[in-house]
Each structure stands twice: as C-alpha cells, then as structure tokens.
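Chain order of the listed sequences is A and B.
The first sequence finishes on residue 346 if you use my numbering, and the numbering steps up by one all the way, no holes.
The second sequence finishes on residue 346 if you use my numbering, and the numbering steps up by one all the way, no holes.
Beta carbons: idealized from backbone N, C-alpha and C, even for Gly.
Okay, structure first, notes after.
Number of protein chains: 2
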Amino acid sequence: MVQERQLVEKITRALLPQRAASSRLKLGIGDDAAVISLGSRTEWVLSCDTFLENVHFRLKTHPPDSVGYKALARATSDLAAMGATPRFFLLTLALPAGAAGALAGWSFVGRGFSHDKTSAPDSGALALEVPSESWLNAFLKGMARASRELGITIIGGDTTQSRTVFISITVLGEIAPGHALTRCGARPGDIIYVSGKLGRAQLGLELVLRGHARNHQVRALVQPHLYPKIQIALGSWLAQHRTAASAMDLSDGLSTDLGRLCAASQVGAKIYASKIPSVTIPPAAARYLGKPKLDPLQLALHGGEDYELLFTVSSRQAKKLNGAPGAAALTAIGEITRKRELILVASNGREAPLKSQGWDPFR
Amino acid sequence: MVQERQLVEKITRALLPQRAASSRLKLGIGDDAAVISLGSRTEWVLSCDTFLENVHFRLKTHPPDSVGYKALARATSDLAAMGATPRFFLLTLALPAGAAGALAGWSFVGRGFSHDKTSAPDSGALALEVPSESWLNAFLKGMARASRELGITIIGGDTTQSRTVFISITVLGEIAPGHALTRCGARPGDIIYVSGKLGRAQLGLELVLRGHARNHQVRALVQPHLYPKIQIALGSWLAQHRTAASAMDLSDGLSTDLGRLCAASQVGAKIYASKIPSVTIPPAAARYLGKPKLDPLQLALHGGEDYELLFTVSSRQAKKLNGAPGAAALTAIGEITRKRELILVASNGREAPLKSQGWDPFR
C-alpha cells in the first residue's frame, strides 16, 4: 500500500534532491499551492488538480456540466485555501474518441465501450470518432459557468486522446506578498474553525451513486457534490486581514485534512463532536438513501469534497472574525494542542483518537 | 472526426466567450504557451503538456527513465519555442495501482492487467497495491535528470490513481517583456529555418516499436526518441536578439507544424526537399527496420517529436544567425509566401502541395 502522502514525498525527494534555493520560490511542495514572487507588488499562487473518470466522477451518474463545473471549482479551491484571488487557468483535457462511441451522449455510456488496443499508439493511425458534441458542450458550459463565477480565465491548455476522460487543471492566483495562508502556521491554543456545514458533499455523492443526480426531490441535496461552492471571499478576507494562523480547504474530509494541517504545523488538535456543524439529512431524503442509515457526524468527519475552509485563529484574533464574509456560517470546533495527536471529544465527553478516514486516491 | 485544432477552438469559444481584456494576459490560447505580465521586469510564459500511456508511450517498449525524462523535456520545449528561460514546473501524476500489479516492474506489464470496475470510485474502497518501486524510481530519476539539464524546478503537483499512467506537466518560464517568440509574426519573404536534423525522433520510435529500445547496436539512433534534446539556448538567443519573426517547436512533424505557423501568421510557405536536413539511416540500422524501407525525407516531413525549432527570419536579419548557439546546425529550408498554401518543391523542381501528415492525437 502506498499512500498519496508517501508518493508525494517520494516525488519531492526524487525531484528536489536539495531544496532549490530560489529567492523567487516562496513556498513549494506540500501546501495547497505553490507561491512565487517576482519582486513586484503581488505574489503568484499556483496549483494543479486532477479530475478523472471512474475515480472522481462517472459518466453514467454525473451530469456533464457538473463535471466541467466541478473540475474547475475544485482546482480553484486550492487558491481560496491560500487566500489568493483566482486569475488564470490552463486546461488539460484527454478525451476518449474510440470505436464504440464512448462519448456518444451520457445516456449511452452505460453500455461501456471498447478501445482498439492493437493500434500503434504513436502512428496516428487510431480509428477515432467524434467525442459526443452534446457531452462536450455540456461539459464546457459547466466549466464556463464556473469560470465566470470564480473570476478565473483560461489562458492555455493541452488536449489529447485517452481511453477515459482525464482532466487536469493548473490554476494561478494572486496575493499580496507574504499574505498567503499556509498549513504550517497553527500554534497550540489556536481555535479551529470551519466554514459551512460538513458532509454535504458526501451526502450528495451518496444520492448520486444511488442514481438520484437528476431527482428533483433531492435536487438541493446533490448540488454540493455536483457544483461545490468555493470559499474565495472568505479565504481572501482571512489573508488580507492576516486573521488566520493557518488554513486549508476541506477536500478529503475533516479527519484527513485536519491531520495534514496539524502535521504541517507540528501540532495536534482536539475537536468536539457536539460542535461540528454536520449536514442535516431531511426525512424526505432518507428514503432514497436506504439502509444502513447515514450518520451526519460520520459524513462531517470523513466525507470529502466539501471545499469549505478549515483554519485556525489565535484566541486574541478570534473576535475579528465577526467581520469576515459569511461570519455567521463559521464555527469553532476545537483547539490546537501541543501534543501531536488528533482527539475527538464525543458528545458524552469521552475522548478518543480521531483516525483519518477521508479520501486518499491510493487507499 | 474531430481534430485537435477543432477541439481547441471549441474549448476557446466555450470558455472565452469574449476575449478577456486583461492587461496582464499578453498572449492566451493558440501559441506554444501563454504569456502573462505582472508589470515587472519579466513576463511569465506558461504551458502544459500531457504524456499518456498507450498514446505517447508504452510501458512495454519504453524504459521508465525515458518516460520521466521525455515528459518533462517535451513540456519544456514549449518554453524554448517561446524563447523563455525555464524556471518552474508542476507535475500531475496518475498511476495505476490496481489489483493486478500493473506497475510491478516494466517487464511484467506485458501480461496486461485488469481493473476492478465494480469498485465504488469515490468510496476510497478500491483495493490498491503498491505501484512498482522500481518503475517509479526510474521514472523519477529520468525526470530529475531532465530537471537538472533543463534548469527547471518542481514547485508542486497532484497525484492520483488511474487505470493507466497519466502525466500532465505545467511549465513556467521567464522572458523579457515583449520578447516572446510567437507563431504569428511570419511575413512573406521571411526565410524559414529549422535547427538540427529532422526525422530523428521518428526513426528512433520506429526502432523502439520494433523492440530495440535497449539494443546497443542502435543506441544512438533511439536516443532522440527517448531523450529529446530541447533547444533552450537557441530559443533564448532568438528572443533576446529579436532575430526571429516567428518561431515554434517541431513537436508534431514539419508538415503539420509549418501549417500551424503559417495559419497563425496568415501566410503560406514554400520549402525545398533538397534543403531539408533529413535524418541519416545507417546501413547497420536498416536491418533492424525491415521492409518497406523508410524514406528519410518522409520521416523529416511528417515525423513528430523532434523538438527542434522552426522559425522564420527576415532576409535582412539572416546574417545575424551566424552568432546563434549551434549556428552550424541551422538550415534554411524555404521561404514564407503571401499565398496561403504550403508548397513542397521536389528535388526535380516539381512543386506540389504539402499536406499535413504529422501527429494529431484525434486523427
């Protein structure tokens, strides 16, 4: 078993044998994004994110416009996590164009498709068909909407052919020098905050996996999974006002991401089950979910893709948060500790270690 | 049939409904790379490039260190094509980690591998194994060598799981404001130059596809395909001295890339078969290539991945080229014409239209 963290460490060791001593590189591998400085009034924040068919989405269950929307939204969330203002992106798009009409409309893909493995890959001789206009159009429409809403402009990209849909997006954002929010600034005594309600995206995913992406009865509940809202204004505010000691976005679940933040800051954390703002599961939705019943706290602790912000604030600074955008939706869920362990305090007051059970693509 | 060009146009139309009027974006979609300005002494050049198993390389035939080397080299070639100095890159790496030991050493992959399609993709429940240490180590070693040779430093990336190896690299380079070499500056009367000998990479590919990647008898001949040399010094010199009116790198074959340069500049071109510096096929190699015999001119015209530079220079400026790095390896192959067509003049003086027969991932 290789974990994503181990793979990243391996890549870092292999490609950065000695830490490159570039005065322009303010922050390299290990945070939500890299930061480079050009000696001008702004620093640039860069990140890339991958969105893969059958890993992150399914053609059968996910509307194509949500694939386009979410691919760009989740990439941009890394900029929000740094407090940066999104500016530009590059899109890598690999599409199946194979023999069996892989992309001939999303209602057809359930049939599966074959691929001529015997074709010489570099010969240009692959017999290719048109990727479905309608899928691609809807995909791009969703991405264009995200682009408008997030204020981020495409400046380039690369297209190629592949067996399944592969999307990789590099995002660039801007920030005042030295203001980037990092994962490594949490100090013992800091208060831990999250924005929004957690577990909403996982609840949406559970409904989508059960075939309810287009069920109007649960429309509002699947939106957070299909069209996540990104916390740009909040991230930007926290960076501008230097309020947060550390921050990251919740992409892989609180239990996993809090562990990453604590590891980067070399601290621990204690959080309280009773304080965690968990998703509400309306009775109307329960009947689409079946048994066993989903536990809102478990969704909130381990569900991925909420793209809310997780950040820490020193107790002195906490009052300032009243001025933050969406201040009413911010919740203090615990505190940073010196001892390097994650503790969950149950509603009955009992303490237990919190294990990382969020999303890891290699688990 | 959708061609790459059409797909790029479609993406541009969908995501850039009106040309974004950002004063910072000096050059967007359509050239080798994007250029952004920050009002400081340099402009930044960005590009991304994809390198896919079974499309651009095969695990069975390509040594893993060459996959790592070439993935980064070919991405960086887009910076060379702009005249930029390579600085930073972000690496997206998706690896198979499936049930059948997909990456358990490159000598094993010939067995093929299966993938548990029934696993819930988002559940984190995929049963994953270690990607082969040895493949990954060699891959990263090759990439680290390219990183050193090209002077480009990793600053971030993204890793995930996929059925086949998927590599996407975003590169950033630096250039003096306004000096970037673009495709759109060619003017009628310009002399067309190429660096190096063309068709070498295609000859190498032909040998590799016949199983000779590690055959010491043809070692020198497969190198250009496996470990392409990138024309950073030449590109940088052309930009710095403002010698080239237009430039691009030869990634998809002269017949295809010259067409792109002419389209971007709204001109045509006439090139002479007798002047094209074609690869030499030594008799010793011929016996590994079999029949039908490869034609060096065809390899030079249509073979991809040479990563040499194609550029145009006004006749007034041509003399300056004597001072360029590797000046002896530069060849004038024809001239830019007003009439928007590509003409190949055969050795016997006969003129015929030159059709784009290079690499297009969607053809």
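Measure from the alpha carbon of residue i to the alpha carbon of each residue in the options, then state which is nearest.
{"i": "residue 249 of chain B", "options": "B/183, B/319 and B/223", "result": "B/319"}
{"i": "residue 69 of chain A", "options": "A/219, A/37 and A/39", "result": "A/219"}
{"i": "residue 181 of chain A", "options": "A/314, A/32 and A/327", "result": "A/314"}
{"i": "residue 234 of chain A", "options": "A/18, A/39 and A/256", "result": "A/39"}
{"i": "residue 140 of chain A", "options": "B/265, B/155 and B/171", "result": "B/155"}
{"i": "residue 265 of chain B", "options": "B/285, B/120 and B/279", "result": "B/279"}
{"i": "residue 296 of chain A", "options": "A/194, A/331, A/289 and A/171", "result": "A/171"}
{"i": "residue 162 of chain B", "options": "B/120, B/51, B/247 and B/64", "result": "B/64"}
{"i": "residue 236 of chain A", "options": "A/188, A/276, A/34 and A/339", "result": "A/339"}
{"i": "residue 126 of chain A", "options": "A/58, A/178 and A/300", "result": "A/58"}
{"i": "residue 302 of chain B", "options": "B/316, B/226 and B/272", "result": "B/226"}
{"i": "residue 151 of chain B", "options": "B/245, B/55 and B/188", "result": "B/55"}
{"i": "residue 258 of chain A", "options": "A/247, A/46, A/317 and A/190", "result": "A/317"}
{"i": "residue 213 of chain A", "options": "A/274, A/293, A/45 and A/321", "result": "A/293"}
{"i": "residue 321 of chain A", "options": "A/189, A/253 and A/191", "result": "A/253"}
{"i": "residue 198 of chain A", "options": "A/221, A/272 and A/173", "result": "A/272"}
{"i": "residue 377 of chain B", "options": "B/49, B/300 and B/232", "result": "Nothing can be reported for residue 377 of chain B: it is not among the residues displayed for chain B, which extend from -16 to 346."}
{"i": "residue 71 of chain B", "options": "A/333, A/328 and A/27", "result": "A/27"}
{"i": "residue 329 of chain B", "options": "B/281, B/62 and B/263", "result": "B/281"}
Could you check what DSSP says for residue i in three-state terms: helix, strand or coil?
{"i": "residue 253 of chain B", "result": "strand"}
{"i": "residue 92 of chain B", "result": "Residue confidence for residue 92 of chain B is low, a pLDDT of 19 falling below 50, so the modelled location carries little weight; the figure read from the coordinates is stated next. Helix at residue 92 of chain B."}
{"i": "residue 298 of chain A", "result": "coil"}
{"i": "residue 176 of chain A", "result": "strand"}
{"i": "residue 219 of chain B", "result": "helix"}
{"i": "residue 148 of chain B", "result": "coil"}
{"i": "residue 334 of chain A", "result": "strand"}
{"i": "residue 235 of chain A", "result": "coil"}
{"i": "residue 229 of chain A", "result": "strand"}
{"i": "residue 141 of chain A", "result": "strand"}
{"i": "residue 265 of chain A", "result": "coil"}
{"i": "residue 131 of chain B", "result": "helix"}
{"i": "residue 283 of chain A", "result": "helix"}
{"i": "residue 70 of chain B", "result": "strand"}
{"i": "residue 78 of chain A", "result": "strand"}
With a Cβ-Cβ cutoff of 9 Å, do residue i and residue j count as a contact?
{"i": "residue 36 of chain B", "j": "residue 147 of chain B", "result": "yes"}
{"i": "residue 287 of chain B", "j": "residue 184 of chain B", "result": "yes"}
{"i": "residue 166 of chain B", "j": "residue 230 of chain B", "result": "yes"}
{"i": "residue 186 of chain A", "j": "residue 160 of chain A", "result": "no"}
{"i": "residue 267 of chain A", "j": "residue 201 of chain A", "result": "yes"}
{"i": "residue 29 of chain A", "j": "residue 133 of chain B", "result": "no"}
{"i": "residue 169 of chain B", "j": "residue 121 of chain B", "result": "no"}
{"i": "residue 149 of chain B", "j": "residue 33 of chain A", "result": "yes"}
{"i": "residue 78 of chain A", "j": "residue 42 of chain A", "result": "no"}
{"i": "residue 326 of chain A", "j": "residue 312 of chain A", "result": "no"}
{"i": "residue 60 of chain B", "j": "residue 260 of chain B", "result": "no"}
{"i": "residue 17 of chain B", "j": "residue 138 of chain A", "result": "yes"}
{"i": "residue 46 of chain B", "j": "residue 196 of chain B", "result": "yes"}
{"i": "residue 124 of chain B", "j": "residue 48 of chain B", "result": "yes"}
{"i": "residue 135 of chain A", "j": "residue 241 of chain A", "result": "no"}
Following a CB-centred definition, is residue i positioned closer than 8 Å to any heavy atom of the ligand COA?
{"i": "residue 251 of chain B", "result": "Among the ligands in the structure shown, none appear at all, so the ligand COA cannot be discussed."}
For residue i and residue j, what's the separation of their Cα atoms in angstroms?
{"i": "residue 215 of chain A", "j": "residue 309 of chain A", "result": "11 Å"}
{"i": "residue 255 of chain A", "j": "residue 76 of chain B", "result": "36 Å"}
{"i": "residue 347 of chain B", "j": "residue 341 of chain B", "result": "In the structure as shown, chain B starts at -16 and stops at 346, and residue 347 of chain B therefore has no counterpart that could be examined."}
{"i": "residue 305 of chain B", "j": "residue 298 of chain B", "result": "13 Å"}
{"i": "residue 129 of chain B", "j": "residue 331 of chain B", "result": "42 Å"}
{"i": "residue 25 of chain A", "j": "residue 153 of chain B", "result": "21 Å"}
{"i": "residue 337 of chain B", "j": "residue 290 of chain B", "result": "20 Å"}
{"i": "residue 209 of chain B", "j": "residue 177 of chain A", "result": "48 Å"}
{"i": "residue 31 of chain A", "j": "residue 243 of chain A", "result": "18 Å"}
{"i": "residue 223 of chain B", "j": "residue 217 of chain B", "result": "10 Å"}
{"i": "residue 116 of chain A", "j": "residue 51 of chain A", "result": "14 Å"}
{"i": "residue 274 of chain A", "j": "residue 191 of chain B", "result": "55 Å"}
{"i": "residue 53 of chain B", "j": "residue 131 of chain B", "result": "13 Å"}
{"i": "residue 239 of chain B", "j": "residue 247 of chain B", "result": "13 Å"}
{"i": "residue 245 of chain A", "j": "residue 205 of chain A", "result": "31 Å"}
{"i": "residue 188 of chain B", "j": "residue 276 of chain A", "result": "56 Å"}
{"i": "residue 307 of chain A", "j": "residue 285 of chain A", "result": "26 Å"}
{"i": "residue 193 of chain B", "j": "residue 323 of chain A", "result": "56 Å"}
| message | Short of 8 Å Cβ to Cβ, which residues in the region 138 to 161 of chain A face chain B? | response | So the list reads 138, 139, 140, 141, 142, 143, 144, 145, 146, 147, 149, 151, 153 and 155, given in the order they occur along the chain.
| field | Proximal residues, the region 163 to 174 of chain B versus chain A, C-beta separation under 9 Å | value | Within the region 163 to 174 of chain B, no residue has a Cβ that lies closer than 9 Å to any Cβ of chain A.
| task | With 8 Å as the C-beta to C-beta threshold (strictly closer), list the residues of the region 57 to 68 of chain B near chain A in chain order. | result | Under the 8 Å Cβ criterion, the region 57 to 68 of chain B contributes no residue.
| query | Using Cβ-Cβ distances below 7 Å, what residues of the region 271 to 290 of chain B are close to chain A? | reply | Residues passing the 7 Å Cβ filter: none.
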